[in-house]
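First the structure, in the form of structure tokens, and then the observations on it.
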Amino acid sequence: MLRLEHISLKLGNFHLHDISLEVKDGEYVVLLGPTGTGKTVLLETIAGLHDPGTGRIFLNDQEISHLPPEKRNLGVVYQDYALFPHLTVFKNIAFGLKLKGKTNSNVKHTISRMADFLDIEQILERKPGRLSGGERQRVALARALVLDPFLLLLDEPLSALDRITRDRLRRELKRIHTELGVRILHITHDLTEAFFLADRLLVMRDGVIVQEGRPGDILKRPANRFVAELMGIENFIAARLGPRQQMFLEGLVPADPPLFRPAPNGTTGNFYLTVPGWAVELFPEKKDHDYLAQMDMRITGLNYSEGYTEIVMTHKHGGTLRTAISHREKTHLPIPLELGKLIRVGLLKEGSHWVPSDH
């Protein structure tokens with residue numbers, strides 16, 4: 003198990019603030035956050051490239067806080083692959099094994115097995131300049147994995163790849179984790195990547211971990227608006243408490259007390275109701291108690307993308323909601339979607355969640 007205890011670090015104007023986390027045996031942990039939030043600095047601190055200002059790092063209860071990188075038994079794979087351009091694929095993969103003093107026969111056997119596992123046997127004699135992005139990333143993974151690391155650290159490993167290659171490599175990473183049983187800490191700013199791969203998700207902002215949990219749990223109950231936006235939620239309805247504890251949704255409709263409550267901790271004040279697109283239901287057909295509210299809204303935007311139509315709807319009091327439906331779902335609607343048309347909309351209780359109004 004990897005364990006960080008209260009890591010704080012200052013690099014120029016950037017800080018890591020009191021970072022504590024664990025990667026347990028068999029876990030695939032993803033650290034998610036926007037660019038510039040400190041994810042790479044944290045990964046490089048774990049790898050030994052930065053000395054933690056305060057706090058401690060442990061591998062299986064052995065402190066490694068001040069060990070040099072080569073003594074930590076960690077594999078690191080970067081976005082830019084970091085391959086030696088003048089060496090063949092075979093020699094790139096063999097580099098670390100040679101440093102460890104492995105015999106030539108052991109090196110050949112180990113590389114042969116890993117090349118077969120990652121389907122790169124046919125490129126072992128090529129140099130990196132003659133490889134595709136996906137092939138380079140497989141080579142970088144092979145170079146790290148042949149050393150049998152205690153933990154694999156992945157720094158935005160898929161962000162430089164095209165969409166088709168990225169999708170293939172996501173599946174490859176899941177296979178590596180499942181079949182080799184390697185522990186992985188993977189940093190990314192890509193939500194789809196995080197949800198596809200993570201057993202557990204850590205959300206980072208400005209050098210601080212602001213929420214952690216299973217991806218689905220964070221999506222359902224984001225801690226604040228920042229996390230909700232990172233989860234891809236676009237609908238934020240300002241809400242306020244009325245004089246008798248009833249909740250009012252700004253720009254939409256007032257709600258009765260049985261449906262709307264203050265924040266879960268019982269505090270009062272101003273909040274946002276977060277509503278994921280899938281919880282905005284067109285032409286609601288469920289039972290009334292399944293909805294927080296129902297209202298008539300006018301279609302003010304229709305945006306088409308591959309396989310989906312995004313629908314923007316505006317209430318007569320100014321509130322706006324967004325949702326998306328597949329082209330197949332659109333064919334089953336009772337009326338065609340057209341700009342200016344008035345339609346009935348329901349907000350499902352299941353997907354809605356209160357967060358504080360501060361960003």
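Okay, so the sequence shown: first residue is 3 according to the working numbering, each after it adds one. Using N, Cα and C, we set each Cβ at its ideal position, and we do this for glycine too.
Item, Value
"Given H319 as reference, the closest of R5, E312 and D298 once Cα atoms are compared", "D298"
"Where E195 falls, given that 16 or more other Cβ within 10 Å makes a residue buried", "buried"
"Local Cβ density within 10 Å of P87, reported as buried at 16 or more and exposed below that", "exposed"
"E65 burial status per 10 Å Cβ neighbour count (16 or more: buried)", "exposed"
"Extent of the continuous alpha helix (DSSP H) to which F198 belongs", "L193 to L199"
"Coil, strand or helix - T311 by DSSP", "strand"
"Every unbroken beta strand (DSSP E) inside the stretch 60-145 [3 residues or more]", "76-80"
"L153, buried or exposed, once every other Cβ within 10 Å from all chains shown has been counted against 16", "buried"
"Buried/exposed call for T16, threshold 16 Cβ in 10 Å", "Thr is not the amino acid found at residue 16; the sequence shown has Phe there. Exposed."
"Proximity to G98 [Cα-Cα], best of A281, L147 and D53", "L147"
"Residue burial classification, P278 (beta-carbon count within 10 angstroms, cutoff 16)", "buried"
"Rounded C-alpha distance that separates G353 from I327", "16 Å"
"Local conformation of G218 per DSSP, three classes", "helix"
"Among E158, H8 and T311, nearest to V78 - alpha-carbon criterion", "E158"
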